[in-house]
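Participant:
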Amino acid sequence: MRVFRSPITSPSALIRPHSPWIAAGASLLVAGLAALVRLQLPDPLDAQASFLIFVPAVVVGAALGGAGPGVFATLLGLFGGLALARTTDPSWLETLLFLIVAAAVTLGGEWFQRAHRELSGRETHLRLILNTVPEAMILIDDKGVMRAFSPAAERLFGWTADEAVGRNVSVLMPSPHREAHDGYLERYYRTGERRIIGLGRVVVGERRDGSTFPMELSVGEMRTAEGRFFTGFVRDLTERQQAEARLQELQADLVRVSRLTALGEMASALAHELNQPLTAIANYLKGSRRLLAAETVPLERVADAVDRAAEQALRAGVIIRRLRDFVARGETERRIEDLPKLVEEASALALVGAREHGVRVRFDVDPAADRVAADKVQVQQVLLNLIRNAVDVMEDAPVRDLGITVATIDDEHVRITVSDTGAGILPEVADQLFQPFVTTKRTGMGVGLSISRTIIEAHGGRIWFEANDAGGTDFHFTLQRAHLEEEPVDGE
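Numbering of the sequence shown is given in full-length UniProt numbering, commencing with residue 1 and proceeding in unit increments.
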């Protein structure tokens, strides 16, 4: 596993641990040099130089290898001092002093080596951990120059650590941020204002090949004896955003399938509704033809018949247009919509064939509840689902009254209510009614109310139901009001 280079020199890096044999050899070499120097010293220096001249050898052995090489160097110095003493009576005080100094140096060297091994192990452990962190890690100094570049950063940006270290971090940013990055640092040093440091945000990064990608950047600041450093952790958001886009696409497909399912259930009623204007058109045109075949053509009656045929054609066209708008997938986008008009159009489509089944419809619209921020097609789908459900549950009811109410709750919300006089909701399904594949219909799929809840919650509202005094059910949902000065709000 590759370990990225450390930008900060630690005290433990000053003297690296060596093999005891290398340390012993180094102390032997220093002791030999000390012996040569000793031989060149004049006799009057015997008392001071016989042993202490070998202290450097003990220092080298203990510093490089610890206790073992230190003891070896001490013995070399002891025997060397005795052998090179030019007096017949060596100074035992000098011998004792040498042994004390050598023992202290050896103990100090052993302590240093143990501390060094422990610190080195911690550094290695930390580096191994940083190399396994999935987020890319980049360390820069106060000039914006990269001092460390993790393997994850290499894979993400396409630069190797050797290529990246020493470059300005702005090479990882697209224009215009690349040119402005040093100015960002200068402004932070001058004002102390934090925009990314300690906060984190979503930005755009640039790979070595020039391609860009969204990323989440978190930056931490640290101060050391060598200066100020910034550590950046980078997470690639490409896959997450693609997954979110795919999820939104799947949700849009599911919503569209739900609309198609609802229209499938309405097919017979729609066929009946379209058959009426088409039959009327045919009858008016046939009547006009008979009138034109008469000896005296009643132009006024012919014109009236043609006008009535045109009206029926427009009526059929309106029905088809509403179907096309409702089925069309389109993009999910919230705009400021006229709520009464939205409810009227959805109701006209949902109530096709309702009067033939004896359903009486009552509208109660608050004039103040005029504008909402909503996706028109999706909200109309919710209304269509609720109205069609209400019509279905009243199929066998003795009283078939359907109420559609639009009321103002407060300055920010409106409530739309669809009421029926059916048999109500069974207690065993009440708690699960908005869950997928739960239905009270004999032929229902159980996805309409689940999708309706998803749509309303995505609009910042909520949907719920409660029993009414007539024994049926009131379904309520809320939407956010919009004011004339507001701009259209894009949906998610």
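All C-beta atoms, glycine included, are put in the ideal place defined by N, C-alpha and C.
Determine which residues share a DSSP beta bridge with Phe465 and list them.
Facilitator: Translated into the one-based positions of the sequence shown, residue 465 becomes position 465. Note: Phe465 sits in a beta bridge opposite Phe475.
Participant: Should Ile22 go down as buried or exposed, given a rule of 16 or more other Cβ atoms within 10 Å for buried?
Facilitator: As a working mapping, residue 22 is identified with position 22 in the sequence shown. Counting Cβ neighbours within 10 Å, Ile22 comes out exposed, since fewer than 16 surround it.
Participant: Who pairs with Phe233 in a beta bridge, going by DSSP?
Facilitator: For this step, residue 233 is matched to residue 233 along the sequence shown. Looking at the DSSP assignment, Phe233 forms a beta bridge with Met137, Ser218.
Participant: Suppose you measure from the CA of residue 496 to the CA of Phe112; what does that come to, to the nearest Å?
Facilitator: Limits of the chain in this structure are 1 at one end and 492 at the other, which puts residue 496 out of reach.
Participant: Is Gly210 helix, strand or coil when you go by DSSP?
Facilitator: Within the sequence shown, residue 210 is the residue found at index 210, counting from 1. Gly210 falls in the coil class under three-state DSSP.
Participant: For the beta strand (DSSP E) containing Glu337, name the first residue and the last one.
Facilitator: Taking the first residue of the sequence shown as position 1, residue 337 is located at position 337. Its beta strand (DSSP E) spans residues 335 to 338.
Participant: Does the structure place the region 337 to 349 close enough to the region 287 to 301 that three or more beta carbon pairs sit under 8 Å?
Facilitator: No contact exists between the region 287 to 301 and the region 337 to 349.
Participant: Ends of the alpha helix (DSSP H) at residue 494?
Facilitator: Residue 494 lies beyond the stretch modelled for the chain, which goes from 1 to 492, so this question has no answer here.
Participant: Distance check for Ala225 and Glu118, CA to CA, integer angstroms please.
Facilitator: Along the sequence shown, one-based indexing puts residue 118 at 118. Along the sequence shown, one-based indexing puts residue 225 at 225. In a straight line, the C-alpha of Glu118 is about 22 Å away from that of Ala225.
Participant: Measure the alpha-carbon distance for Ala282 versus Phe363 and round it to whole angstroms.
Facilitator: Here residue 282 refers to the residue found at position 282 when the sequence shown is read from its first residue. Here residue 363 refers to the residue found at position 363 when the sequence shown is read from its first residue. One C-alpha to the other measures close to 34 Å.
Participant: Give the secondary structure of Asp364 by DSSP, where H, G and I count as helix, E and B as strand, and everything else as coil.
Facilitator: Indexing the sequence shown from 1 puts residue 364 at position 364. Of the three classes helix, strand and coil, the one that applies to Asp364 here is strand, per DSSP.
Participant: Beta carbon of residue 500, beta carbon of Ile138: below 9 Å?
Facilitator: Outside the shown range of the chain (1 to 492) lies residue 500, about which nothing can therefore be said.
Participant: Using the C-alpha atoms, what's the distance from Ala482 back to Ile387?
Facilitator: The residue labelled residue 387 in the question sits at position 387 within the sequence shown. The residue labelled residue 482 in the question sits at position 482 within the sequence shown. Whole-angstrom Cα-Cα distance: 24 Å.
Participant: Between which two residues does the alpha helix (DSSP H) harbouring His413 extend?
Facilitator: Taking the first residue of the sequence shown as 1, we reach residue 413 at position 413. That residue, His413, is in no alpha helix (DSSP H); its beta strand (DSSP E) goes 413 to 419.
Participant: Opposite Val372 in the DSSP bridges: which residues?
Facilitator: Locating residue 372 in the sequence shown gives position 372, counting from the first residue. According to DSSP, Val372 bridges with Glu337, Arg481.
Participant: Under 9 Å, do residue 494 and His459 count as touching if we go by C-beta distance?
Facilitator: The question about residue 494 has no answer, for the chain in this structure spans 1 to 492.
Participant: Can you give me the C-alpha to C-alpha distance between Thr408 and Ala373, rounded to a whole angstrom?
Facilitator: The residue given as residue 408 occupies position 408 in the sequence shown. The residue given as residue 373 occupies position 373 in the sequence shown. Cα to Cα, Thr408 sits roughly 14 Å from Ala373.
Participant: For a quick check, are the C-beta atoms of Val101 and Gly70 less than 9 Å apart?
Facilitator: Mapped onto the sequence shown, residue 101 falls at position 101. Mapped onto the sequence shown, residue 70 falls at position 70. Going by C-beta atoms, Val101 is not nearer than 9 Å to Gly70.
Participant: Please classify Gln241 as buried or exposed, where buried requires at least 16 other C-beta atoms within 10 Å of its C-beta.
Facilitator: Position 241 of the sequence shown holds residue 241. Counting Cβ neighbours within 10 Å, Gln241 comes out exposed, since fewer than 16 surround it.
Participant: Would you kindly work out how many angstroms separate the C-alpha atoms of Gly25 and Leu75, rounded to a whole number?
Facilitator: One-based indexing of the sequence shown puts residue 25 at position 25. One-based indexing of the sequence shown puts residue 75 at position 75. Rounded to whole angstroms, Gly25 to Leu75 spans 14 Å at the Cα level.
Participant: What does a CB cutoff of less than 7 Å around Arg235 pick up in its chain, not counting 5 residues either side in sequence?
Facilitator: Translated into positions along the sequence shown, residue 235 becomes position 235. Once the five neighbours on either side are set aside, the close Cβ partners of Arg235 are Glu135, Met215, Glu216.
Participant: Which residues in the same chain as Arg208 place their Cβ atom closer than 7 Å to its Cβ, once the five residues preceding and following it in sequence are excluded?
Facilitator: Taking the sequence shown and counting its residues from 1, the one referred to as residue 208 is at position 208. Same-chain partners within the cutoff: Phe157, Gly158, Trp159.
Participant: For Met445 and Asp411, I'd like the C-alpha separation in whole angstroms.
Facilitator: Indexing the sequence shown from 1 puts residue 445 at position 445. Indexing the sequence shown from 1 puts residue 411 at position 411. Note that Met445 has pLDDT 46, beneath the 50 cutoff, so the model's placement of it is unreliable and the number below is only indicative. Near 37 Å, if we compare the C-alpha coordinates of Asp411 and Met445.
Participant: Which of the three DSSP states, helix, strand or coil, is assigned to Ala397?
Facilitator: Sequence index remark: in the sequence shown, residue 397 carries index 397 (1-based). If DSSP states are grouped into helix, strand and coil, Ala397 belongs with coil.
Participant: For Val202, which beta-bridge partners are listed by DSSP?
Facilitator: To locate residue 202, count along the sequence shown from 1; it is residue 202. According to DSSP, Val202 bridges with Glu216.
Participant: How would you label Glu295, buried or exposed, when you count the other beta carbons within 10 angstroms and need 16 or more for buried?
Facilitator: For the purposes of this step, residue 295 is taken as the residue at position 295 of the sequence shown. With fewer than 16 Cβ atoms within 10 Å of its Cβ, Glu295 is classed as exposed.
Participant: Expressed to the nearest angstrom, what Euclidean distance is found between the alpha-carbon atoms of Arg147 and Asp141?
Facilitator: Taking the sequence shown and counting its residues from 1, one reaches residue 147 at position 147. Taking the sequence shown and counting its residues from 1, one reaches residue 141 at position 141. If I take the Cα positions, the gap works out to 7 Å.
Participant: With Phe157 as the anchor, note down where its alpha helix (DSSP H) starts and where it stops.
Facilitator: Looking up residue 157 in the sequence shown gives position 157. From DSSP, the alpha helix (DSSP H) with Phe157 extends over 151 to 157.
Participant: Quick one: grab the DSSP three-state call for Thr408.
Facilitator: The count along the sequence shown starts at 1 and reaches residue 408 at position 408. Thr408 falls in the strand class under three-state DSSP.
Participant: Please tell me whether Ile456 and Thr478 are closer than 9 Å, where the distance is taken between their beta carbons.
Facilitator: One-based indexing of the sequence shown puts residue 456 at position 456. One-based indexing of the sequence shown puts residue 478 at position 478. Result yes, Cβ atoms of Ile456 and Thr478 sit closer than 9 Å.
Participant: What does Asn168 pair with, by DSSP beta-bridge criteria?
Facilitator: Within the sequence shown, numbered from 1, the residue matching residue 168 stands at position 168. Bridge partners of Asn168: Val145.
Participant: Exposed or buried, what is Phe79 when buried is set at 16 or more other beta-carbons lying within 10 Å of its beta-carbon?
Facilitator: Position 79 of the sequence shown, counted from the first residue, corresponds to residue 79. Flag for Phe79 reads exposed.
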